[in-house]
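Peer 1: Please find one structure pasted underneath; my questions will follow.
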Amino acid sequence: SLTISQDLNVAENFSHADAVTAAGTPTITVAEDWQDIGGTFTPGNSTVIMSTASGTNDIDISSGSFYNLEIDAAGANYLIYNYLNVDNNLTITNGTLDLNGNDLDIAGGLTISGGTLNIGASLITFDGSSGTHLIDAPGTVFPNILFNSPTGNATYRLNNNLSISNDITITDGALELSPDNGTTNYA
5 SLTISQDLNV
15 AENFSHADAV
25 TAAGTPTITV
35 AEDWQDIGGT
45 FTPGNSTVIM
55 STASGTNDID
65 ISSGSFYNLE
75 IDAAGANYLI
85 YNYLNVDNNL
95 TITNGTLDLN
105 GNDLDIAGGL
115 TISGGTLNIG
125 ASLITFDGSS
135 GTHLIDAPGT
145 VFPNILFNSP
155 TGNATYRLNN
165 NLSISNDITI
175 TDGALELSPD
185 NGTTNYA
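Going by our numbering, the first residue of the sequence shown is number 5, and it counts up by one from there.
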């Protein structure tokens, strides 16, 4: 097993077949693939940054989740190979995150500031327990989106228009349509 308690830069693939635990708030920067090969990843409050320079790379986290996940890979494409669970924030600053037919759960916010989220027919679920979380994904079309706070205490606030091609479901929690706490009047 491996415990990561300080920042870690991985120049190529991060592959593990045993338990990996992030203790505290380390930043783990990976230049190529993330591969769980029978191991587990316990994220703590870590941030994982996928940062390849080009090509197509894999994120295969079959057992575990990410706390914060950032895609900062100009000119690159990351393919997801299993259901993806992000316990806090997902940020895409450069490059493409392709869900590859897999569903995505986000407990925190979603920010797409310079990259692309390829959703396809996947379901995006926002499932935070508490707090207010920003959704800032201009130009992204969500085929199906679900807001399902297990406690009913999470609020998701839109910072831009939200485009949905099929269904939006709000099971529990709140969706604020105005980024300025409701002071803007949309006539």
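Ideal placement from N, C-alpha and C gives every residue a C-beta, glycine not left out. Since we're looking at a predicted model, the values are computed, not measured.
What residue range is occupied by the uninterrupted beta strand (DSSP E) comprising Ala-78?
Peer 2: As a first step, residue 78 is located in the sequence shown; it is residue number 74 there, counting from the start. From DSSP, the beta strand (DSSP E) with Ala-78 extends over 72–84.
Peer 1: Taking all protein chains shown into account, decide if Ile-96 is buried (16 or more other Cβ within 10 angstroms of its Cβ) or exposed.
Peer 2: Taking the sequence shown and counting its residues from 1, one reaches residue 96 at position 92. It is buried - the Cβ of Ile-96 has at least 16 other Cβ atoms within 10 Å.
Peer 1: Nearest to Ser-182 by alpha carbon, out of Asn-122, Asn-165, Thr-31?
Peer 2: In the sequence shown, counting from the first residue as 1, residue 182 sits at position 178. Checking every option, the nearest Cα to that of Ser-182 belongs to Asn-165.
Peer 1: With which residues is Ile-41 paired in a DSSP beta bridge?
Peer 2: Reading the sequence shown from its first residue, position 37 is the one you call residue 41. Paired residue(s): none; Ile-41 is not in a bridge.
Peer 1: Reducing DSSP to helix, strand and coil, say where Ser-58 ends up.
Peer 2: Taking the sequence shown and counting its residues from 1, the one referred to as residue 58 is at position 54. In the structure shown, Ser-58 sits in coil (DSSP, three-state: anything other than H, G, I, E or B).
Peer 1: Is Asp-109 buried or exposed, if buried means 16 or more other CB atoms sit within 10 Å of its CB?
Peer 2: What you label residue 109 is simply residue 105 of the sequence shown in a count that begins at 1. So Asp-109 ends up on the buried side.
Peer 1: Look up Ala-191 in the DSSP assignment and say whether it is helix, strand or coil.
Peer 2: Counting from one through the sequence shown, the residue named residue 191 turns up at place 187. Note that Ala-191 has pLDDT 41, beneath the 50 cutoff, so the model's placement of it is unreliable and the number below is only indicative. Three-state DSSP puts Ala-191 in coil, outside helix and strand.
Peer 1: Using the rule of at least 16 other Cβ atoms within 10 Å of the residue's Cβ for burial, across every protein chain shown, is Asp-22 buried or exposed?
Peer 2: Mapped onto the sequence shown, residue 22 falls at position 18. The residue in question, Asp-22, is exposed, as its Cβ has fewer than 16 Cβ neighbours within 10 Å.
Peer 1: Run through DSSP, which three-state label would Asn-164 get?
Peer 2: Stepping through the sequence shown from its first residue, residue 164 is reached at position 160. Asn-164 falls in the coil class under three-state DSSP.
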